[in-house]
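Student:
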Amino acid sequence: MIFHKAHHLKGEVTVPGDKSISHRAVMFGSLAEGTTEVLNFLQGADCLSTIDCFRRLGISIENTPDHILIHGKGLHGLHKPDGILDTGNSGTTTRLISGILAGQPFETTLTGDASIQKRPMRRIMEPLSMMGADISSLRGNDCAPLRIKGAPLHGIHYHSKVASAQVKSAILLAGLYADDITRVTEPVISRNHSEIMLKYFGADLQSEGTTAAISPNPALHGQKVCVPGDISSAAYFIAAGLLVPGAEILIRNVGINPTRDGILKVAQAMGGDITLLNVNHDGEPTADLLVKHSTLHGITIEGAIIPALIDELPVINVMAACAEGTTIIRDAAELKVKESNRIDVMVRYLSAMGCAITATEDGMIIEGGRSLHGAVIDSHMDHRIAMSFAIAALVADGDTEIRGSDVVTISYPDFYADLARLTH
Ligand code: S3P
């Protein structure tokens, strides 16, 4: 797909439902007694993979344009699927479902696409094995396909080396099936949607600092879940609104959970004009975001904020390329093991567009302020790479071609249509 420089960016946009919360609603609804209704569910390929997996595990899930209805069967209601579970491109599906499958009285094999088969699974295999699960990588490379043989599980206190909500959630979900309390301590707090939603469904879960603790065998009850707009999807419009001269846009109903809102803090620290309107603190907090074109300056992004903006770093790179001065990103080695190696891919293609950017061991250094020009970009089948370069293209001279652009169906199927509407 070809993209051009934007001379105009105005209007309102409502981004689709949060991907992390949509996945969890399907999973926890499947493990609850009774019906769970999900509003504003993200109809992206990743969340559809989660629905498909739970249907294959015996759960009836109705997916209509109005809502999703999950007819949960309780903690012990799943049955052995025929054949192999396919988690598609979704790391969240793969890792969280592994925690659930570790506690089932049957054996399952699961795998996903080429990207999933390269992503590290030792980070969940180790703690789940410590709990007593029999989990192995079929090719012996610590990646999917995984074979998981459920077993009686023991409560453990796991100290995770990475701040990863997928790891934390896999362990907490296995903890539902353990014989005692299960605790996870992370180096820095990662997104806490599992903790919030598990409690909402009736789990006995306590969070204190960077430790979450769950008691086994709760009665989970089906609930109504209203999924807020995904701040990770809003990030592309935040960046576009800040970068395109004269831009002013309103992004409606965006989730602003403090474990996810690093993009707002960073954009404001760079000098971005973002106003939060209609802030609502019921359940997962939300707000409308009013974003105006701003002159940005470089900053250092490191430490505890990194997990709260990990998925937004590619588009933050684009903002940094357009900011005056130097932006340094540290403590973000996790970028190497996302849907693509996002350090390599961002450095390669932002360089191709004329940006002075260098890779470091755990991030990148960007000398901002050079004008960008169009280039040919390969998405590496990574949705966040495709969307980040669609935003870079709005401020680049000449045309930008993004190959593999349709990968946005993973998290934001209407992304290009929404962007086109705002730029016309
Ligand atoms: C997610 C957690 C993060 C994030 C991913 C979604 C989740 O991954 O990058 O897009 O829904 O729990 P990690 O837990 O691997 O950091």
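Taking this note's numbering, the leading residue of the sequence shown gets 497, the next gets one more, and so forth. Cβ coordinates follow ideal geometry from the N, Cα and C atoms, glycine included.
Which residues share a DSSP beta bridge with S703?
Tutor: Note: S703 sits in a beta bridge opposite A708.
Student: Let's test the definition: count the other Cβ atoms within 10 Å of the Cβ of L634 and tell me whether it reaches 16, buried, or not, exposed.
Tutor: When all chains shown are included, L634 counts as exposed.
Student: I862 lies in the beta strand (DSSP E); which residues open and close that run?
Tutor: Looking at the DSSP string, the run of the beta strand (DSSP E) that includes I862 is G859 to G864.
Student: Can you list, in chain order, the residues of its chain whose CB lies under 6 Å from that of H879, leaving out five sequence neighbours each side?
Tutor: Contacts found: V903, V904, I906 and S907.
Student: Check each candidate in K569, V750 and L505 and name the one with the smallest Cα separation from V522.
Tutor: Measuring from the Cα of V522, the nearest candidate turns out to be K569.
Student: How far does the alpha helix (DSSP H) with H967 in it reach, from first residue to last?
Tutor: Absent from the structure is residue 967, since the part of the chain shown begins at 497 and ends at 920.
Student: Would you list the one or two residues that DSSP bridges to L642?
Tutor: For L642, which the question treats as bridged, DSSP gives the partners L606 and S633.
Student: Should D807 be counted as a contact of the ligand S3P given a C-beta to heavy atom distance under 6 Å?
Tutor: Yes, Cβ of D807 sits closer than 6 Å to a heavy atom of the ligand S3P.
Student: Whole angstroms is fine: what's the gap from C639's alpha carbon to G646's?
Tutor: In a straight line, the C-alpha of C639 is about 18 Å away from that of G646.
Student: Since I770 is in the beta strand (DSSP E), which residue starts that stretch and which ends it?
Tutor: Where I770 is concerned, the enclosing beta strand (DSSP E) stretches over D769 to N776.
Student: My output table needs one value for R615: the three-state DSSP class, helix, strand or coil.
Tutor: Of the three classes helix, strand and coil, the one that applies to R615 here is coil, per DSSP.
Student: Put V509 into one of helix, strand or coil per three-state DSSP.
Tutor: Three-state DSSP puts V509 in a strand.
Student: Just how far apart, CA to CA, sit C722 and G751?
Tutor: The straight-line gap from Cα to Cα measures roughly 11 Å.
Student: With a floor of 4 residues, list each alpha helix (DSSP H) that falls wholly inside the segment 813-845, ordered by position along the chain.
Tutor: None, since the segment 813-845 contains no complete alpha helix (DSSP H) of that length.
Student: Are the CB atoms of S526 and I555 nearer to each other than 7 Å?
Tutor: Yes, the Cβ-Cβ distance between S526 and I555 is below 7 Å.
Student: Is the beta carbon of Q662 within less than 6 Å of some heavy atom of the ligand S3P?
Tutor: The answer is yes for Q662.
Student: Enumerated in chain order, which unbroken segments of the beta strand (DSSP E) with a length of 3 residues or greater are wholly contained in the segment 652-703?
Tutor: Within the segment 652-703, the complete beta strand (DSSP E) runs of at least 3 residues are 653-655 and 678-681.
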